[in-house]
Each structure stands twice: as C-alpha cells, then as structure tokens.
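Only one structure is covered here, and it is reproduced in the block below.
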Amino acid sequence: MNRFIGFLKKEFYHIFRDKRSMLILFGMPIVQIMLFGYVINTDLKDVKMAVLDHSKDEYTAEIINKITSSGYFQINNNLKSIEQADAIFRKGDVKLILVFEPDFGKKLVKDSKAIVQILTDASDPNTASLEVSYLQGILQNYNVEINQDNLLPSSIQANSRMYFNANLESVFMFIPGIMATILMLVSAMMTSISIAREKELGTMEILLVSPLNPLQIILGKVAPYLALSFINALVIVGMGYFVFGVPVLGSFTLLMAESVLFIFLALSIGIFISTVAKNQQVAMMLSMFVLMLPTIILSGFIFPIRNMPVPLQVISYIIPPKYFIVILKNIMLKGVGFEYVWKESLILLAMTFGFIGLSLKKFKIRLQ
Amino acid sequence: MNAGISIENLSKRYGSVQALKHINLDINSGELFGLIGPDGAGKTTLFRLLATLLLPDKGGARMGDIDIVGDYKQIRNLLGYMPGKFSLYQDLSVIENLEFFATVFDTRIEDNMDMIHDIWVQIEPFKDRLAGNLSGGMKQKLALCCALIHQPKVLLLDEPTTGVDAVSRSEFWQMLKSLKSKGITIVVATPYMDEANLCERVALIKDGEILQVNTPQEIVDQFERKLYAIKSDDNYQCLLDLREFEFTNSVFLFGQTLHYTDVRKEFSLEEVNSYLKSKGHLNLEIEHVKPGIEDCFMALSTKADGYE
Numbered sequence: 000m001n002r003f004i005g006f007l008k009k010e011f012y013h014i015f016r017d018k019r020s021m022l023i024l025f026g027m028p029i030v031q032i033m034l035f036g037y038v039i040n041t042d043l044k045d046v047k048m049a050v051l052d053h054s055k056d057e058y059t060a061e062i063i064n065k066i067t068s069s070g071y072f073q074i075n076n077n078l079k080s081i082e083q084a085d086a087i088f089r090k091g092d093v094k095l096i097l098v099f100e101p102d103f104g105k106k107l108v109k110d111s112k113a114i115v116q117i118l119t120d121a122s123d124p125n126t127a128s129l130e131v132s133y134l135q136g137i138l139q140n141y142n143v144e145i146n147q148d149n150l151l152p153s154s155i156q157a158n159s160r161m162y163f164n165a166n167l168e169s170v171f172m173f174i175p176g177i178m179a180t181i182l183m184l185v186s187a188m189m190t191s192i193s194i195a196r197e198k199e200l201g202t203m204e205i206l207l208v209s210p211l212n213p214l215q216i217i218l219g220k221v222a223p224y225l226a227l228s229f230i231n232a233l234v235i236v237g238m239g240y241f242v243f244g245v246p247v248l249g250s251f252t253l254l255m256a257e258s259v260l261f262i263f264l265a266l267s268i269g270i271f272i273s274t275v276a277k278n279q280q281v282a283m284m285l286s287m288f289v290l291m292l293p294t295i296i297l298s299g300f301i302f303p304i305r306n307m308p309v310p311l312q313v314i315s316y317i318i319p320p321k322y323f324i325v326i327l328k329n330i331m332l333k334g335v336g337f338e339y340v341w342k343e344s345l346i347l348l349a350m351t352f353g354f355i356g357l358s359l360k361k362f363k364i365r366l367q
Numbered sequence: 000m001n002a003g004i005s006i007e008n009l010s011k012r013y014g015s016v017q018a019l020k021h022i023n024l025d026i027n028s029g030e031l032f033g034l035i036g037p038d039g040a041g042k043t044t045l046f047r048l049l050a051t052l053l054l055p056d057k058g059g060a061r062m063g064d065i066d067i068v069g070d071y072k073q074i075r076n077l078l079g080y081m082p083g084k085f086s087l088y089q090d091l092s093v094i095e096n097l098e099f100f101a102t103v104f105d106t107r108i109e110d111n112m113d114m115i116h117d118i119w120v121q122i123e124p125f126k127d128r129l130a131g132n133l134s135g136g137m138k139q140k141l142a143l144c145c146a147l148i149h150q151p152k153v154l155l156l157d158e159p160t161t162g163v164d165a166v167s168r169s170e171f172w173q174m175l176k177s178l179k180s181k182g183i184t185i186v187v188a189t190p191y192m193d194e195a196n197l198c199e200r201v202a203l204i205k206d207g208e209i210l211q212v213n214t215p216q217e218i219v220d221q222f223e224r225k226l227y228a229i230k231s232d233d234n235y236q237c238l239l240d241l242r243e244f245e246f247t248n249s250v251f252l253f254g255q256t257l258h259y260t261d262v263r264k265e266f267s268l269e270e271v272n273s274y275l276k277s278k279g280h281l282n283l284e285i286e287h288v289k290p291g292i293e294d295c296f297m298a299l300s301t302k303a304d305g306y307e
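Chains as they are written, first to last, in numbering that gives the first Met the number 0: chain P, 0 to 367; chain V, 0 to 307.
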C-alpha cells in the first residue's frame with residue numbers, strides 16, 4: 000500500500016509541475032464550454048433581411064411587424080425592385096429577402112390567396128434552410144391568425160412543441176458533447192502520454208526492474224486522472240447548469256456514475272494506446288486521430304449520425320462517446336432513469352473490459 | 000549470501016543482429032567487475048538480460064542460486080540497476096526522487112543511510128533542486144543513490160561515467176570502491192579503457208563476444224610485442240603510410256600519438272624512422288611505451304577479426 004501511495008504522490012508531482020498538463024486539465028474544459036456556448040452558436044438571432052414590398056398595404060405592414068418583433072430577424076433594407084436582390088446578396092448585407100406581390104392585401108381579401116416569395120443566400124445551406132423555415136413559421140402563424148373567425152371546413156393545423164429543449168438552444172446539445180470530448184481527452188490522452196513518457200525517458204526500465212507489479216504501475220498511473228477527470232465532469236455539468244441553464248432533470252448520482260464509467264473506459268483506452276506507443280509523440284498522435292476526431296465528428300456531438308453516409312454510420316457504432324452522449328442527453332434533458340440507458344451503459348462496460356483485457360495482455364513486464 | 004553471477008551460453012538476437020553470441024562469464028560474489036567494450040559491443044544487452052528486462056534466446060544466467068528467467072521477481076528485489084541513460088524523474092527534486100525509489104522498494108531513506116551516506120553527503124546540499132537541473136556528475140550520484148536505496152546485493156551500472164567530467168569520474172570510482180567494501184557485487188560497463196584498471200577483473204567484449212576475462216594487470220602483461228608511440232606533424236598521413244609499411248603489425252591512433260607494433264621480434268627503430276622520413280615525415284618522435292588496456296583490446300580484437 001505504501002508503494003502505491005508513493006507512486007500516486009509522484010504522479011501528482013508530475014501533473015502539477017507540468018504547465019502543459021495543467022492547461023489541458025483545467026484550462027481546456029472552461030475554454031471549450033465558453034467557445035461552444037457563446038461563439039459557436041447555431042441559434043437564429045437578428046438575421047439581417049430585406050423586404051421588397053410591391054403592395055405596401057396594411058397586411059404587408061402587419062406581417063413585417065410580426066417578423067421584426069419575433070427577435071429572429073432584423074429588417075435593415077427596403078428594396079425598390081427585384082434587380083437589387085442580386086447585388087445586395089453579393090454584398091452580403093442581408094441573408095434573406097421577402098417579396099410581397101403587387102396588391103397583396105387586395106388579393107388576400109378578394110381571392111383569399113396571396114403570394115410571397117422568400118429569397119435566400121444559400122452559400123451557407125444549413126443556416127439558409129433554418130432561416131427559411133423560421134420565416135415560414137411566422138407567416139404560417141399569421142395565416143392561422145387571420146383565419147381565426149372563418150374556419151375553413153377542412154384544414155390541418157400543425158401545433159408543434161419542442162420537447163426537452165423548448166427554445167432549441169444549441170448549448171443543450173454541446174454540453175454533453177463537450178463532456179464526452181474533455182473526459183476522453185483528459186483520461187485517454189493524458190494517461191497514454193504519461194506512460195509513454197516513462198518509456199521515452201527510460202524510467203520505465205527502472206520501474207520494471209523494481210518490485211512494483213504491472214497492476215500497481217497501471218493503477219498508479221490512472222488513479223490521478225480518474226480523480227481529475229471526475230472533477231472536470233463536475234465542472235462541466237456545473238458550468239452548464241449555472242452559466243447556460245442546461246438542466247439536469249434526471250438523477251445527478253446516476254449522471255456521475257455514468258461519467259465514472261465513461262472515464263474508466265477512456266482510461267483503459269489510454270492505457271491500451273500507451274502499450275502500443277513507444278514515445279509521447281506517437282501517443283499524442285494516436286490519441287488525436289483515433290480518439291479526438293471521431294469523438295467530435297462521428298459521435299453525433301455536432302453532426303447528426305443519421306445524415307452520415309452508411310459506412311460512417313457503421314463506424315459510429317464503435318465510437319464510445321456516441322453512447323455516452325446518448326446517456327447524457329437522456330439523463331440531463333429527458334430526465335429518465337437507468338431503465339432507459341442500461342443498454343448504452345452495458346455497451347460502455349463491455350468496451351471497458353475489452354480494453355483492460357487487451358492492455359493487460361499487451362503490457363510487458365519486460366522491455367520486449 | 001552468495002551474490003555471484005554465472006552466465007552460461009547466453010545468446011540474444013534482435014532481428015538479424017546477433018547482439019550476444021554464446022556468452023560464458025563468471026563474476027564472483029563481492030567483486031568489482033568491469034565490462035569493457037566499444038559502443039554496440041553488447042554491454043547494454045547483457046545488462047538488460049541480467050536485469051530481467053529481456054529474455055535470452057538461448058542459455059541463461061543465475062545470480063547466486065536464482066535464475067534470471069524463472070525467478071525474475073526475486074532478482075528484481077536484490078538487484079540495483081542503473082541504466083545508461085539518466086533515468087530519474089527530471090521534474091522531481093533530488094529528495095523526492097530518492098523518497099520515491101525508497102517507497103517503491105518498501106523502505107525508508109533513514110533505514111538505509113549507512114549504505115548511501117558517503118554519496119548522499121555530496122548531493123545533500125542540492126536536495127531541493129529538480130533532478131533535471133543537476134550537473135552530469137551530480138545526476139549520476141543521485142542515480143547511484145536511488146539504485147542503492149534498497150540495499151541490493153548486486154549492482155549493475157551501465158556506462159555510469161559517460162558524459163561525466165574527469166573529476167566526477169574519479170570520484171565516482173572512489174565511491175564504487177567503498178561500496179565494494181560493503182560486500183556488493185558490482186558490474187560496471189564502460190567504453191573507457193582507462194577505467195578498466197580500476198576494476199578487479201575485466202571482460203573485454205566486442206561484437207557480442209567476450210574476447211578475454213582477466214585482471215587488468217594480466218591482460219597488460221600478455222601483450223607480447225614492443226609498443227612504440229610515434230608522434231609526427233601529420234598523424235593521419237603517417238597512419239596511412241605506416242599501414243603500407245611491410246613490417247607493420249598494427250598501428251592505430253592513440254590520443255596525440257600513433258601506437259605501432261612491428262611484426263618482427265628484433266628490429267631496428269632506425270628502419271621505421273627512415274621509412275617514414277622517405278614518406279616526408281621529418282619531425283618524428285618515436286619512443287618505447289608500456290601497453291595499456293586499450294592496446295591489448297585492439298590487439299585482441301584484430302586477432303579475433305582474423306587479420307594481422
């Protein structure tokens with residue numbers, strides 16, 4: 000036991016004396032949350048748009064009023080003719096143009112039918128379609144409003160409500176993703192680097208010659224990162240809750256238990272990488288390419304998995320963070336209990352045992 | 000306890016390179032033994048095999064009665080090993096390094112002070128300095144302290160004095176001598192031939208083979224030819240010219256001079272002198288010198304290579 004405590008002490012010295020480790024451990028989570036929470040924001044807000052009003056009557060005025068008061072759009076240009084549209088898109092001043100046909104109001108009253116046209120700058124296709132659907136939504140609402148008195152005999156009204164994220168805030172999506180990324184990074188990359196460093200500096204040779212057994216060496220290496228990763232998990236959930244209002248609707252204990260499970264998995268991947276990597280650089284590259292990129296791109300963190308080509312979808316099934324993100328979203332946003340996440344938890348557990356088994360098999364009690 | 004080392008028919012191969020070829024060697028308990036050979040001779044491989052870090056392809060070795068393959072765990076308890084590369088934690092202070100290795104072996108610094116006292120007093124003034132900021136000599140002393148903290152019976156030192164200044168080197172050897180008086184078997188690998196004289200017995204090793212095992216004195220005594228040191232203005236050209244000379248047995252650069260032996264037992268130095276003069280070397284100093292270990296090593300290794 001003494002041996003183990005001595006080993007732990009040494010590991011903490013390594014971590015606290017290395018500015019780089021400290022930065023990755025404690026700077027990275029905060030910076031990432033701030034970045035994703037504030038900067039990378041896919042929510043619509045004050046989208047600049049223009050109006051080309053050929054009609055200029057009370058109806059168009061009312062519609063324009065509804066649009067500006069929604070908060071999603073900001074009208075900063077009134078066009079005189081359709082010819083201006085091209086130029087104004089090219090300049091990039093506006094993303095969206097709403098065109099009312101001539102005699103819009105009159106037609107609406109007389110024929111019960113009037114036409115608007117929405118023009119959009121689709122050089123950024125995702126945002127463009129999002130903007131169009133928001134604008135259509137406003138028009139639709141108005142449509143319902145003016146038909147309130149004379150209900151059409153057969154019309155379908157769509158009343159939508161966004162469950163689990165009523166305001167469609169993207170930070171709700173990012174917090175689970177960031178949590179998976181950070182825990183993966185801290186646990187897997189840092190452990191693999193720290194073991195690889197011992198190999199590189201030749202101290203592994205001395206550790207191997209000492210009476211320490213492989214299990215003690217590995218446990219001594221992972222225990223500090225288990226503790227630090229757990230603190231990180233608390234910081235991320237805490238920041239999400241207090242700074243961005245991301246709720247934890249389900250059991251907090253269950254959330255933390257699942258996090259510890261995921262940390263264990265990440266640590267076992269880290270150990271596995273270190274048994275393969277000869278030096279710190281290789282360990283770092285392997286962690287980056289094998290862990291970081293898939294975690295960010297293929298886990299469903301940012302890009303929806305169902306939109307990916309089939310081969311990538313297949314790969315996504317072996318990406319551990321995918322399951323962890325599902326678990327996190329279920330617990331935090333849907334507030335469900337273990338009975339809804341046991342399948343994912345089981346997969347993570349199986350992966351953990353798989354990697355520990357592989358590592359123990361590959362960890363050498365000798366140099367070769 | 001008997002802490003001698005007996006190596007039998009030990010072979011190790013890395014891919015296509017035969018690093019050790021059927022090594023047989025007996026090192027007595029409590030001996031200060033030198034393993035002398037150039038880089039790439041197989042010294043480190045032999046040490047790693049003895050330290051249970053590598054498995055032999057053929058043959059085996061025992062320390063006392065303990066087998067290095069089967070009972071490697073016991074070996075690891077009684078062994079002190081200092082790898083060639085400085086391998087302590089650079090970001091830990093001197094005292095933290097020592098404390099770490101003490102706890103790893105489940106012991107305390109105080110309990111082993113008698114063992115390391117003489118070395119420890121020299122590095123104690125720097126005990127709070129990070130190991131990475133120590134001088135080369137200090138690092139080696141610290142590494143030696145760490146290797147000794149668990150009172151090993153056998154100490155393996157792989158090139159402990161490489162990259163260390165001359166003063167620290169001689170201090171280091173003084174320490175080894177005093178350690179020997181405590182009954183530890185010490186095996187030192189070194190590429191420096193002059194350090195061979197400080198050992199009780201040495202093994203000359205080259206290309207994975209042991210050329211000879213003997214006391215330094217006897218190795219020198221075996222040198223049968225007369226050895227001359229030749230000094231000229233252009234040593235390199237002189238070396239090339241002597242290689243062309245018909246009576247040359249061996250000639251190689253030795254510091255500032257050339258060491259020359261002749262194939263004939265009896266000959267006149269004048270002959271060599273005039274040959275070199277004819278080649279344009281006018282400013283010559285030739286004197287008879289006593290052979291050192293290095294001369295013997297060169298003689299033995301050229302013999303082993305099969306050309307004379």
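For glycine and all other residues, C-beta sits at the position ideal for the given N, C-alpha and C. Quick caveat: nothing in here was measured; it's all calculated off a predicted structure.
Which residues does DSSP list as the beta-bridge partners of residue i?
i, result
"Y71 of chain V", "None; Y71 of chain V has no bridge partner."
"T189 of chain V", "V:I35"
"S249 of chain V", "V:T260"
"I217 of chain P", "DSSP lists no partner for I217 of chain P."
"T119 of chain P", "P:L95"
"M48 of chain P", "P:I74 and P:L95"
"G79 of chain V", "V:L154"
"T184 of chain V", "V:V153"
"D66 of chain V", "V:R61"
"I322 of chain V", "Examination of residue 322 of chain V is not possible in this model, given that chain V is present from 0 through 307 alone."
"R200 of chain V", "V:F32"
"L226 of chain V", "V:V288"
Would residue i be called buried (16 or more neighbouring beta carbons within 10 Å of its own) or exposed?
i, result
"N306 of chain P", "exposed"
"A226 of chain P", "exposed"
"L22 of chain P", "exposed"
"I364 of chain P", "exposed"
"N278 of chain P", "exposed"
"R47 of chain V", "buried"
"E307 of chain V", "Any reading at E307 of chain V is ruled out, since the residue's pLDDT is 39, under 50, leaving its predicted position unreliable."
"Y162 of chain P", "exposed"
"S228 of chain P", "buried"
"H287 of chain V", "exposed"
"N8 of chain V", "exposed"
"V313 of chain P", "exposed"
"L239 of chain V", "exposed"
"R75 of chain V", "buried"
"M0 of chain P", "exposed"
"I292 of chain V", "buried"
Closest to residue i by CA distance: which of the options is it?
i, options, result
"I194 of chain P", "P:S273, P:S358 and P:G5", "P:S273"
"S122 of chain P", "P:L51, P:K361, P:L227 and P:K90", "P:K90"
"V153 of chain V", "V:L31, V:S15, V:G279 and V:E95", "V:L31"
"Q216 of chain V", "V:M192, V:Q236 and V:I204", "V:M192"
"S28 of chain V", "V:S5, V:V219, V:E243 and V:E95", "V:S5"
"F296 of chain V", "V:A228, V:E123 and V:A195", "V:A195"
"Y88 of chain V", "V:P124, V:I118, V:L133 and V:L257", "V:L133"
"P82 of chain V", "V:L143, V:V201, V:L197 and V:R224", "V:L143"
"R2 of chain P", "P:D120, P:A349, P:A157 and P:N212", "P:N212"
"S86 of chain V", "P:I205, P:F271 and P:I304", "P:I205"
"T301 of chain V", "V:I185, V:A130, V:T260 and V:I67", "V:T260"
"P223 of chain P", "P:G356, P:M189 and P:M203", "P:M189"
"E338 of chain P", "P:I117, P:M0, P:Q147 and P:E257", "P:E257"
"S316 of chain V", "V:L24, V:V187 and V:K278", "In the structure as shown, chain V starts at 0 and stops at 307, and residue 316 of chain V therefore has no counterpart that could be examined."
"S10 of chain V", "V:A2, V:N23 and V:K57", "V:K57"
Would residue i and residue j qualify as a contact pair, given that the criterion is a beta-carbon distance under 8 Å?
i, j, result
"I230 of chain P", "I32 of chain P", "no"
"Y71 of chain V", "L155 of chain V", "no"
"L283 of chain V", "I229 of chain V", "yes"
"S286 of chain P", "S191 of chain P", "yes"
"T160 of chain V", "I26 of chain V", "no"
"D90 of chain V", "R16 of chain P", "yes"
"A386 of chain P", "L266 of chain P", "With chain P covering 0 to 367 only, the question about residue 386 of chain P has no answer from this structure."
Problem - Runs of alpha helix (DSSP H) lying entirely within the region 5-37 of chain P, each at least 4 residues, in chain order - result: 18-21 and 27-33
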